[in-house]
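Colleague: In terms of numbering that gives the first Met the number 0, the sequence shown is residues 0 to 698. Idealized CB from N, CA, C, for every residue including glycine. Keep in mind that this is a model prediction, so the values were computed, not measured. This is the structure, below, for whatever I ask next.
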Amino acid sequence: MLRKIGSIIPFAAFADATWKPLKVLAPALLAVHTAAAQTGPVVLQSPDQALEISIATVRGDAVQPAGGQLAYRVTFRGQPVLEWSNLGLVMDGSPALGPAVRIESSQASSQNETWTPVAGKASPIRNHYNAVTVQTVEMAANGRRLNMEARAYDDGVAFRYVVPDQPMVHEVRILNESTQFRFSKDANTFPLISRGFETSNEDDYHELAISGLHPEYLVNLPLLLEVPGIAWVGLTEADIEDYSNLYVTASAVSRTLAARLATRVEDVNTNTNIAPSFDPKADASKVSVIARTPVRSAWRVLMIADQPGRLVESNMVANLNPSSAIGDDSWVKPGKTAWDWWNGSQAKGVGNPGMNNETMKYYIDFAARNKFEFMLIDAGWAAGLAAAPGSSRRGADLTKSIPAIDMPMLVEYAKSKNVRLWLWAHFRDMYDQMDDAFGQYQKWGIAGVKIDFMDRSDQWMVNWYRTAAKKAAEHHLMVDFHGAFKPDGMGRTYPNVLTREGVMGAEYNKWSARITPRHNVMLAFTRMLAGPMDYTPGGFDNATRENFVARNRAPMVMGTRAHHTALYVVFESELQMVSDSPDAYDGQKETEFLKAVPSSWDETRVLNGVPPKYITIARRKGPEWFVGSITNWDARDLDVPLNFLGSGSYDAEIYADGPNAAAQPKDSGFEKRRVNAQTVLKLKLAPGGGSAIRLVPVR
Numbered sequence: 000m001l002r003k004i005g006s007i008i009p010f011a012a013f014a015d016a017t018w019k020p021l022k023v024l025a026p027a028l029l030a031v032h033t034a035a036a037q038t039g040p041v042v043l044q045s046p047d048q049a050l051e052i053s054i055a056t057v058r059g060d061a062v063q064p065a066g067g068q069l070a071y072r073v074t075f076r077g078q079p080v081l082e083w084s085n086l087g088l089v090m091d092g093s094p095a096l097g098p099a100v101r102i103e104s105s106q107a108s109s110q111n112e113t114w115t116p117v118a119g120k121a122s123p124i125r126n127h128y129n130a131v132t133v134q135t136v137e138m139a140a141n142g143r144r145l146n147m148e149a150r151a152y153d154d155g156v157a158f159r160y161v162v163p164d165q166p167m168v169h170e171v172r173i174l175n176e177s178t179q180f181r182f183s184k185d186a187n188t189f190p191l192i193s194r195g196f197e198t199s200n201e202d203d204y205h206e207l208a209i210s211g212l213h214p215e216y217l218v219n220l221p222l223l224l225e226v227p228g229i230a231w232v233g234l235t236e237a238d239i240e241d242y243s244n245l246y247v248t249a250s251a252v253s254r255t256l257a258a259r260l261a262t263r264v265e266d267v268n269t270n271t272n273i274a275p276s277f278d279p280k281a282d283a284s285k286v287s288v289i290a291r292t293p294v295r296s297a298w299r300v301l302m303i304a305d306q307p308g309r310l311v312e313s314n315m316v317a318n319l320n321p322s323s324a325i326g327d328d329s330w331v332k333p334g335k336t337a338w339d340w341w342n343g344s345q346a347k348g349v350g351n352p353g354m355n356n357e358t359m360k361y362y363i364d365f366a367a368r369n370k371f372e373f374m375l376i377d378a379g380w381a382a383g384l385a386a387a388p389g390s391s392r393r394g395a396d397l398t399k400s401i402p403a404i405d406m407p408m409l410v411e412y413a414k415s416k417n418v419r420l421w422l423w424a425h426f427r428d429m430y431d432q433m434d435d436a437f438g439q440y441q442k443w444g445i446a447g448v449k450i451d452f453m454d455r456s457d458q459w460m461v462n463w464y465r466t467a468a469k470k471a472a473e474h475h476l477m478v479d480f481h482g483a484f485k486p487d488g489m490g491r492t493y494p495n496v497l498t499r500e501g502v503m504g505a506e507y508n509k510w511s512a513r514i515t516p517r518h519n520v521m522l523a524f525t526r527m528l529a530g531p532m533d534y535t536p537g538g539f540d541n542a543t544r545e546n547f548v549a550r551n552r553a554p555m556v557m558g559t560r561a562h563h564t565a566l567y568v569v570f571e572s573e574l575q576m577v578s579d580s581p582d583a584y585d586g587q588k589e590t591e592f593l594k595a596v597p598s599s600w601d602e603t604r605v606l607n608g609v610p611p612k613y614i615t616i617a618r619r620k621g622p623e624w625f626v627g628s629i630t631n632w633d634a635r636d637l638d639v640p641l642n643f644l645g646s647g648s649y650d651a652e653i654y655a656d657g658p659n660a661a662a663q664p665k666d667s668g669f670e671k672r673r674v675n676a677q678t679v680l681k682l683k684l685a686p687g688g689g690s691a692i693r694l695v696p697v698r
């Protein structure tokens, strides 16, 4: 519903929350409301009317209909989530857009449709929102125009900037946004704090009030916040195209986060492994976006709910992206993959384990007997390439393999066993060789490519991701971006992009003690809000905190066997790694769960959870449900009602912590029992423990 203060525009279609599998764009909703100035804020409500975003011109907290600072506010169930917060763009070479404007007109629209993704956490997905476009004009003589687009969903609100093409503005150079997020209370935050814009986004998440964030902290998105007594909020962005990634910093204004756009890195050869520290004053003078009009920012997304688990269920980020751009996508297939790198290329029975044909065939055989769709060949397979003196290029020829690897033979060997291969590539080599490499991979019959070490989030890199996704699709190649910035929902537009890293995942067990059960719970509520994450689960050498030792070969993992089995349900990734050595899984009962668990879902429900203490997620594929429950270092008993099940009975296959799991984390139990929608499962989780459950309808 769209309304103006003092009058209500009764668009019945906006208030109808009925799920209609068609697009609704009623002609009446496209009416333009024009005047010398709006008589009050433009107010947009969600279809269920619980959420409201208002856009107005203000002075302080007072609305100024004649013009002023462009601002917005958000309420949830009548309570303020964000108070009037500034909007605007800080320009290079011209005054900022937003501090002195008037609202000239607004147009309302609505959409209610469903679409079917190739892969994801739900299928089909409902895309139901009310929307408004607000046109503003600068009050100064130049009269530059800035438009705001806003959408209100039942699970959040989003807005973005549009600088239209206009007589005096054909190119913009944006230093930063004036966007504020001024919360109504000193919200509790769970931030990932980065050193700078050139980052792999791999670090610990913290827990701090907004007032505890220092100005020099560069906070990565997505950011989880709790506004006490009002709402849980997931702050992120969607549909980043020809723009820069958004970060936030603490503001001098109380309870306020301020936008910071990643600054441009002009030289692609910059050593991105050494990230300069963020300097709020120095970075303020650097250009972030250079673009021809019309210029559209990414959507600024505020997922909002009464419980944090509702944010995990949200599909807002995907919905805010355009539909598929690749045409026929029938060749895009999610799945699980064996992988040689994480465990150190262990291969029991192979005479000389390593990057050679026999070892790769060993992993292909493992994938085949467990019905995994893929095998990923990681670094070291590509032939060397002489680099120019002083070059920072990696120097691998991505079109040729080393003598010990016969790629055409391995592709055919895997194909004979119904397995397809993925290949790893360093970004710098892929930047030089993309067309030739993708063409060669298509000739070989490679399924996909894992591109690593981008470690940047500026406008240039954003555009490079899109170029890589588009060209990969032209060669029927799927993509996994590693060393990456957060997902933004581009998997809807380029469904061949199955997953990405941008997370401190299980690889850190090889050299640190940072991947704890608490960290795993935290990831489900934070990083996963943005989309799929290639955490690389599957470690079966389970250890207590006291016995854990970081080691590169045959790494350990902290937490119980049931905890790490449950990660295949808790963590979303449409390309899901089975990371440990094949012989680590042989003869283990949990391997049966890994065989059965899907990597793409029809439905996702969070059954309980408190960040960063514990979480239980149920996901459905077809008629079967899978449940994953994990806890931090605290043991806990959880009641899990199965009221999400359909009618009839189900056979529950329950993998749980054993009685000695606290001291011996590999100790696990298995139980099979008959359940139905009235059943309440009583889970007993050990410290660092979990439970993984498969629910199969009784025929």
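1) Between the alpha carbons of Asp601 and Arg693, how many angstroms are there, rounded?
2) Are the region 231-241 and the region 304-313 touching, with three or more C-beta to C-beta distances below 8 Å?
3) Out of curiosity, what's the CA-to-CA distance linking Trp338 and Ala471?
4) Which residue spans inside the region 166-233 form an unbroken beta strand (DSSP E) run of at least 3?
5) According to DSSP, is Trp463 part of a helix, a strand, or is it coil?
6) Return the CA-CA distance between Pro26 and Val171, expressed in angstroms with no decimal places.
7) Is the Cβ-Cβ distance between Arg254 and Phe182 less than 9 Å?
8) Tell me where the beta strand (DSSP E) around Pro79 begins and ends.
9) Return the CA-CA distance between Leu29 and Ala297, expressed in angstroms with no decimal places.
10) Select from Pro597, Glu545, Tyr152 and Asp434 the residue whose C-alpha is nearest the C-alpha of Arg618.
11) If I measure Cβ to Cβ from Ser594 and keep anything under 7 Å in the same chain, skipping five residues before and after, which residues do I get?
12) The beta strand (DSSP E) that contains Pro640, what's its start and end?
13) Could you give the C-beta distance for Asp243 and Asp457, rounded to a whole number, given that I count them as a contact under 8 Å?
14) Buried or exposed: which applies to Met527, given that a residue is buried once 16 or more other Cβ atoms fall within 10 Å of its Cβ?
15) With DSSP as the reference, label Gln134 as helix, strand or coil.
16) Smallest Cα separation from His474: which of Glu500, Lys588 and Trp443?
17) If you draw a straight line from the C-alpha of Ile445 to the C-alpha of Ala403, how long is it?
18) Relative to the C-alpha of Leu375, which residue among Trp340, His562 and Pro98 is closest?
19) In angstroms, rounded to a whole number, what distance separates the CA positions of Pro686 and Asp633?
20) Assuming the contact rule is C-beta atoms closer than 8 Å, Pro610 and Phe524 should be a hit. Round their C-beta distance to whole Å, please.
21) Just verifying my parser: in three-state terms, what is the DSSP assignment at Leu69?
22) Mapping DSSP to helix, strand and coil, what is Asn396?
23) For Ser105, name the three-state secondary structure that DSSP assigns.
24) Cα separation between Val31 and Ser105?
25) So is Ser53 buried or exposed if we call it buried at 16+ other beta carbons inside 10 Å?
26) Name the DSSP bridge partner or partners of His425?
27) Reducing DSSP to helix, strand and coil, say where Glu312 ends up.
28) State the beta-bridge partners of Asp656 as determined by DSSP.
29) Closest to Leu88 by CA distance: which of Arg143, Lys620, Thr590 and Val316 is it?
30) Quick check: the Cα distance between Ala366 and Glu372, rounded to an integer number of angstroms?
31) Within the chosen definition, does the region 656-666 reach the region 557-566 through at least 3 CB pairs nearer than 8 Å?
32) Answer with buried or exposed for Gln78, where buried requires no fewer than 16 other C-beta atoms within 10 angstroms of its C-beta.
33) Exposed or buried, what is Thr716 when buried is set at 16 or more other beta-carbons lying within 10 Å of its beta-carbon?
34) Roughly how far, in whole angstroms, is the beta-carbon of Leu50 from the beta-carbon of Ala157, given that I think they are within contact range, below 8 Å?
35) From Thr292 to Glu236, what does the alpha carbon distance come to, in whole angstroms?
36) Can you give me the Cβ contacts of Gln48 inside the same chain, cut-off strictly under 6 Å, excluding the 5 residues immediately before and after it?
Modeller: So, from the data block:
1) Your numbering for residue 601 matches position 602 in the sequence shown. Your numbering for residue 693 matches position 694 in the sequence shown. Put simply, the backbone Cα of Asp601 is about 15 Å away from that of Arg693.
2) A contact exists between the region 231-241 and the region 304-313.
3) Start at 1 with the first residue of the sequence shown, and residue 338 comes out as number 339. Start at 1 with the first residue of the sequence shown, and residue 471 comes out as number 472. Whole-angstrom Cα-Cα distance: 21 Å.
4) For the region 166-233, whole beta strand (DSSP E) runs of length 3 or above, ordered along the chain, are 170-176, 179-181, 187-193 and 217-226.
5) Taking the sequence shown and counting its residues from 1, one reaches residue 463 at position 464. Under the three-state reduction of DSSP output, Trp463 falls in the helix class.
6) Taking the sequence shown and counting its residues from 1, the one referred to as residue 26 is at position 27. Taking the sequence shown and counting its residues from 1, the one referred to as residue 171 is at position 172. Because the pLDDT of Pro26 is 30, which lies under 50, any placement of that residue in the model is unreliable, and the number read from its coordinates should be weighed accordingly. Taking the straight line from one Cα to the other gives about 34 Å.
7) Residue mapping note: residue 254 aligns to position 255 of the sequence shown, counting from 1. Residue mapping note: residue 182 aligns to position 183 of the sequence shown, counting from 1. It is a contact, given that the beta carbons lie within the stated cut-off.
8) Stepping through the sequence shown from its first residue, residue 79 is reached at position 80. For Pro79, the uninterrupted beta strand (DSSP E) segment begins and ends at Gln78 to Asn85.
9) In the sequence shown, the residue the question calls residue 29 occupies position 30. In the sequence shown, the residue the question calls residue 297 occupies position 298. Confidence at Leu29 is low in this model, with a pLDDT of 31, below 50, so its placement is unreliable and no value can be given for it.
10) Indexing the sequence shown from 1 puts residue 618 at position 619. Checking every option, the nearest Cα to that of Arg618 belongs to Pro597.
11) What you label residue 594 is simply residue 595 of the sequence shown in a count that begins at 1. Sequence check: residue 594 is Lys here, not Ser. Hits under 7 Å: Asn369 and Lys370.
12) Indexing the sequence shown from 1 puts residue 640 at position 641. Element bounds for Pro640: Arg635 to Pro640.
13) To locate residue 243, count along the sequence shown from 1; it is residue 244. To locate residue 457, count along the sequence shown from 1; it is residue 458. Just to set this straight, residue 243 is Ser in the shown sequence, not Asp. The pair is a contact, with the Cβ atoms about 6 Å apart (cut-off 8 Å).
14) In the sequence shown, counting from the first residue as 1, residue 527 sits at position 528. It counts as buried.
15) Here the question's residue 134 lines up with position 135 in the sequence shown. It is a strand residue.
16) Residue 474 sits at position 475 when you count from the first residue of the sequence shown. Scanning Glu500, Lys588 and Trp443 for the CA closest to the CA of His474 turns up Trp443.
17) Stepping through the sequence shown from its first residue, residue 445 is reached at position 446. Stepping through the sequence shown from its first residue, residue 403 is reached at position 404. Going by C-alpha positions, Ile445 is about 18 Å away from Ala403.
18) One-based indexing of the sequence shown puts residue 375 at position 376. Selection Trp340, His562 and Pro98 evaluated against Leu375 yields Trp340 as nearest (Cα-Cα).
19) Mapped onto the sequence shown, residue 686 falls at position 687. Mapped onto the sequence shown, residue 633 falls at position 634. Between Pro686 and Asp633, the C-alpha separation is close to 5 Å.
20) Position 611 of the sequence shown holds residue 610. Position 525 of the sequence shown holds residue 524. At roughly 4 Å, the Cβ-Cβ gap stays under 8 Å, so Pro610 and Phe524 are in contact.
21) Here residue 69 is taken as the residue at index 70 of the sequence shown, counted from 1. Strand at Leu69.
22) Start at 1 with the first residue of the sequence shown, and residue 396 comes out as number 397. Position check: residue 396 holds Asp in this sequence, whereas Asn was assumed. Strand.
23) In the sequence shown, residue 105 corresponds to position 106, counting from 1. Under the three-state reduction of DSSP, Ser105 is assigned to strand.
24) Position 32 of the sequence shown, counting from 1, holds the residue named residue 31. Position 106 of the sequence shown, counting from 1, holds the residue named residue 105. Legend: pLDDT at Val31 = 33, less than 50; position of this residue unreliable, value from coordinates given subsequently. Their backbone Cα atoms lie some 6 Å apart in a straight line.
25) The count along the sequence shown starts at 1 and reaches residue 53 at position 54. A residue is called buried once 16 or more other Cβ atoms fall within 10 Å of its Cβ, and Ser53 is buried on that count.
26) By 1-based counting over the sequence shown, the position of residue 425 is 426. As DSSP reads the structure, His425 sits in a beta bridge with Asp451.
27) Start at 1 with the first residue of the sequence shown, and residue 312 comes out as number 313. Glu312: helix per DSSP, three-state reduction.
28) Taking the sequence shown and counting its residues from 1, the one referred to as residue 656 is at position 657. Ser667.
29) As a first step, residue 88 is located in the sequence shown; it is residue number 89 there, counting from the start. Taking only the C-alpha atoms, the option nearest Leu88 is Arg143.
30) Residue mapping note: residue 366 aligns to position 367 of the sequence shown, counting from 1. Residue mapping note: residue 372 aligns to position 373 of the sequence shown, counting from 1. The straight-line gap from Cα to Cα measures roughly 7 Å.
31) Short answer: they touch.
32) By one-based count along the sequence shown, residue 78 stands at place 79. If you draw a 10 Å sphere on the C-beta of Gln78, you find fewer than 16 other C-beta atoms in it, and that means exposed.
33) Because the chain is modelled from 0 through 698, residue 716 falls outside the range shown and cannot be assessed.
34) Position 51 of the sequence shown, counting from 1, holds the residue named residue 50. Position 158 of the sequence shown, counting from 1, holds the residue named residue 157. With a Cβ gap of about 11 Å, Leu50 and Ala157 do not count as contacting.
35) Mapped onto the sequence shown, residue 292 falls at position 293. Mapped onto the sequence shown, residue 236 falls at position 237. Computed Cα separation, rounded: 21 Å.
36) For the purposes of this step, residue 48 is identified with residue 49 of the sequence shown, where counting begins at 1. Exclusion of the five residues before and after Gln48 leaves no residue of its chain whose Cβ lies closer than 6 Å to its Cβ.
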